[in-house]
Every structure is written in C-alpha cells, then in structure tokens.
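Residue numbers (our numbering): 2 to 234. Quick notes on the structure that follows.
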Amino acid sequence: MSKKVTVVASFLVLAGFFTFSASADPIFSQGPVDGGIAIVSDFGFLEQELDSFVLDPGGAMVTDVHWWGAYGGDPDPTSSDEFTIRFFEESETASGVPFPLGTYLYEFITSSADRTATAMTTPGYGAHDGGVVYEYMFFLPAPISLDGDTNYYLSIVNDTESLWGWLQGEDPGGGHWYRVGDPAYTGSWTPSTIGGGFAFELTGAPIPEPATLLILGGLGAGLAGARKLRKKS
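Structure, rendered in structure tokens:
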C-alpha cells in the first residue's frame with residue numbers, strides 16, 4: 002500500500018496540471034444493453050451481485066461510479082434508494098475469484114445517488130413504469146487508488162421494497178458472482194453466467210506508468226534548473 006501512495010504522490014507533485022476534477026473520461030466502461038435483462042441485487046430480497054474489472058497499466062484514481070438498473074413490484078420506484086457500493090480485491094488463495102464478502106477493499110453507502118430515467122427498457126421489470134432503465138451516478142467522498150492490470154470486483158446492491166435489478170452490460174460473455182444472504186454475511190461468492198457482466202462505468206484520472214513518471218521527473222528537474230539559472234542571471 003505504501004508503494005502505491007508513493008507513486009500517486011509523485012504523480013501529483015510532478016504533474017499537478019492533471020487534476021482529478023478536470024478529468025471526466027471513463028477509466029473503465031461496460032455500457033448498458035437496451036432490452037437486456039436486469040438481475041436482482043437488492044438486500045430487501047436477500048440477493049447481491051458482483052462483477053469484475055481490470056484497469057489499464059498504471060492504474061487510476063477513481064472519482065465516481067456510474068451504473069444502470071431497473072425496478073419491479075411495489076411500491077412505485079420513485080421511492081428512495083439506498084445503495085451499497087463495494088470494491089473487492091482478488092482472493093489470495095484462488096486466481097480469478099473475489100475475496101469473501103466480509104473483506105472488501107472499499108465500501109460506500111448512499112441514499113443520494115443521482116438517478117435519471119433513460120429511453121432504454123428491460124423485460125420483466127417495472128410493473129409501474131414499463132420496465133424503464135435508470136442511470137445512476139455517485140461521486141466518491143474522496144478518490145480511491147486502484148492498480149492497473151489487476152483483477153478487481155465491484156458490487157452494487159440496492160435496499161428497497163420494489164425489487165431492484167442491475168442491468169446487463171455490453172460484455173454478455175463475461176460472468177459475474179452473486180450471494181444470497183443479508184449484507185453482513187461473510188461467506189464466499191458463487192459464480193454465475195446468467196446475463197453475463199453488468200452495466201457500469203468508472204470515472205477518474207489515470208496514473209502514469211513508471212516510465213512516464215521518470216519523464217515527468219526529468220521535466221520537473223529541468224524546469225527547476227531553468228528557474229535557478231534565471232535567478233542567477
């Protein structure tokens with residue numbers, strides 16, 4: 002962890018013009034499928050879902066999470082959401098498998114995620130709204146640092162009385178994992194291929210690879226030397 006912090010600190014010092022607030026580009030994107038299925042991920046119905054992702058080399062600072070989903074049953078989905086967003090690392094004992102539920106890397110619980118109705122629909126959901134798909138966005142309280150070329154896992158679970166489902170993503174061949182139980186359950190995840198991966202997007206600022214940091218370091222040293230020469234003259 003200390004190595005990660007050192008790299009990030011070097012990046013911020015040597016390339017301060019790369020600000021997180023200025024970056025609006027996705028660092029990982031698995032877009033929604035119009036007409037795709039939505040799989041229940043709702044504490045109110047004792048089921049939670051999780052999907053994997055890998056960032057580009059160098060990694061990134063993640064500032065916000067976007068995802069898509071739909072509702073079914075009563076009450077009307079205009080009622081409040083309460084999402085639990087968790088990031089997991091890969092298990093230390095098995096490649097390609099997330100850590101058990103009780104050992105997440107980061108957790109965020111929010112009832113204030115932005116929610117916008119889209120023109121997309123999903124079958125079998127939304128008894129009161131025609132299966133409308135909603136887009137959600139949540140800004141993290143502070144950026145989180147994730148490595149590149151590393152298996153991570155994202156879990157998004159709502160807590161409603163109206164049966165919320167996470168929408169299928171653009172990678173239908175990819176699998177995901179699920180757990181049946183309450184949010185405090187610490188058991189392992191079960192793999193599933195139903196519906197493939199989920200629709201979500203991570204936004205933030207890429208972290209340069211070590212070679213890029215060396216170049217930036219050289220530029221920083223050169224600029225410092227130039228300032229000294231100007232002062233002497």
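For every residue, glycine included, the Cβ atom is placed at its ideal position computed from N, Cα and C. Here the structure is a predicted model, which means the values were calculated and not measured.
In this structure, W68 is the residue among W68, E48 and Y72 with its C-alpha nearest to the C-alpha of D115. By the C-beta density criterion, L47 is exposed, having fewer than 16 other C-beta atoms within 10 angstroms. Cβ neighbours of Y107 within its own chain (closer than 6 Å, five residues either side excluded): F88 and I145.
Runs of the beta strand (DSSP E) lying entirely within the region 122–150 and spanning at least 3 residues, in chain order: 133–147. DSSP places F88 inside the beta strand (DSSP E), whose first and last residues are F84 to E90.
A check of alpha carbon separations from D26 across A61, F100, G36 and S53 identifies A61 as the nearest. Collapsing the DSSP output to three states places F46 in a helix.
Judged by their CB atoms, D43 and T161 are nearer to each other than the 8 Å cut-off.
Rounded to whole angstroms, G45 and W178 show a C-alpha spacing of 18 Å.
Under DSSP, F201 forms a beta bridge with Q31 and W68. Taking all protein chains in view, the Cβ of E93 is surrounded by fewer than 16 other Cβ atoms within 10 Å, so the residue is classified as exposed.
Note that the C-beta distance between G198 and G125 is not below 8 Å.
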